[in-house]
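Peer 1: Residue numbers 1 to 220, in full-length UniProt numbering, belong to the letters of the sequence shown in order.
All residues carry an ideal CB built from backbone N, CA and C; glycine is no exception.
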Amino acid sequence: MKREFAVIGLGRFGGSICRELSSEGMEVLAIDTEEDKVNEFKNIASHAVIADATDEKVLKELGIRNIDHVIVAIGDNIQASILTTLMLKELGIKKITVKAQNDYHEKVLNKIGADQVVHPERDMGKRIAHSIISNNILDHLELSDEHSIVEVKAGARMSGKTLIDLDIRAQYGCNVVAIKPINKKEINVSPMATEVINKGDILIVIGADKDISRFEKQLV
Ligand code: ADP
1 MKREFAVIGL GRFGGSICRE LSSEGMEVLA IDTEEDKVNE FKNIASHAVI ADATDEKVLK
61 ELGIRNIDHV IVAIGDNIQA SILTTLMLKE LGIKKITVKA QNDYHEKVLN KIGADQVVHP
121 ERDMGKRIAH SIISNNILDH LELSDEHSIV EVKAGARMSG KTLIDLDIRA QYGCNVVAIK
181 PINKKEINVS PMATEVINKG DILIVIGADK DISRFEKQLV
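#1: For L143, count neighbouring C-beta atoms within 10 Å of its own C-beta (all shown protein chains included) and say buried if the count is 16 or more, exposed if not.
#2: Hey, I71 and I17 are a contact pair by Cβ (cut 8 angstroms); roughly how many whole angstroms apart?
#3: For H69 and T85, I'd like the C-alpha separation in whole angstroms.
#4: Count the CB pairs spanning the stretch 207-220 and the stretch 188-195 that are closer than 8 angstroms, and state whether there are at least three.
#5: Between G113 and the rest of its own chain, which residues show a CB-CB distance below 7 angstroms, the 5 nearest in sequence each way excluded?
#6: Classify T84 as helix, strand or coil using the three-state DSSP reduction.
#7: Under the assumption that K126 contacts L138 (Cβ atoms under 8 angstroms), give the Cβ distance between them as a whole number of angstroms.
#8: Can you look up G14 in the DSSP assignment and give me helix, strand or coil?
#9: For the beta strand (DSSP E) holding residue 223, just list the boundary residues, first then last.
#10: Runs of 3 residues minimum, wholly inside the stretch 91-168: which ones carry the beta strand (DSSP E) assignment?
#11: Along the chain, where does the beta strand (DSSP E) that runs through I212 open and close?
#12: Kindly provide the chain-ordered list of residues whose Cβ lies closer than 7 angstroms to any non-hydrogen atom of the ligand ADP.
#13: Bridge partners of E4, per DSSP?
#14: Which of the three DSSP states is assigned to I50 in this structure?
#15: Is the distance from the Cβ of I204 to the Cβ of K180 below 9 angstroms?
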């Protein structure tokens, strides 16, 4: 089933969302004030139009009210991003995702009712920092201020042991939710407690940050 999306702002972030949605077969209305940007997406999105999204009349004329999900990816112009979000909200758009430039911007967007606020540079920076600090943390996804999901590479200390032997849940308060074995393509979701871990396997672990940190220091 095709779903309708609009992407406002076709910079690196909005452009990437637009390409991905389109390649997944979604109907996408791509909007930008710059002609060059719009031309770039003429053959990618279902429709690409030059328009200023802060102009309510223009948004109405584009039929934005009939669109299920609008992504506001206006970059540095924070004022335009806030104004556009506010108008989309007033027009009754069901789902609005907005890219925030900084924490202050994020706060305002949450206040005015954006359904999802994303902060790609900050979040990607955090994820990369975690993988830089520890060679064994491959990826880090923040679930809340205190909880995360991490991908860790099993070291020699775990090798040849089962999840029961390691007693990770009782000893560290974390859960191994999936294992990507080093020598197989498939990922093993909800692994059995008797699963043997080999050096180089990738474990996907969920838990409180302090528990994950202890687990990583002592076991990985
Ligand atoms: P990124 O960091 O994702 O590359 P940019 O700041 O480069 O973001 O891109 C933001 C895009 O949003 C630009 O292409 C710009 O022309 C577009 N844009 C800015 N203001 C508006 C507006 N009022 N309406 C529509 N598009 C806008």
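Peer 2: Taking the coordinates as given:
#1: exposed
#2: 6 angstroms
#3: 12 angstroms
#4: no
#5: K89
#6: helix
#7: Actually they are not in contact, since the Cβ atoms of K126 and L138 sit about 14 angstroms apart, beyond 8 angstroms.
#8: helix
#9: Outside the shown range of the chain (1 to 220) lies residue 223, about which nothing can therefore be said.
#10: 95-99, 116-118, 137-142 and 147-153
#11: It is not in any beta strand (DSSP E) - I212 instead sits in the alpha helix (DSSP H) that spans D209 to L219.
#12: I8, G9, L10, G11, R12, F13, G14, I31, D32, T33, E34, K37, A51, D52, A53, T54, A73, I74, G75, D76, N77, A80, T84 and K99
#13: E27
#14: strand
#15: yes
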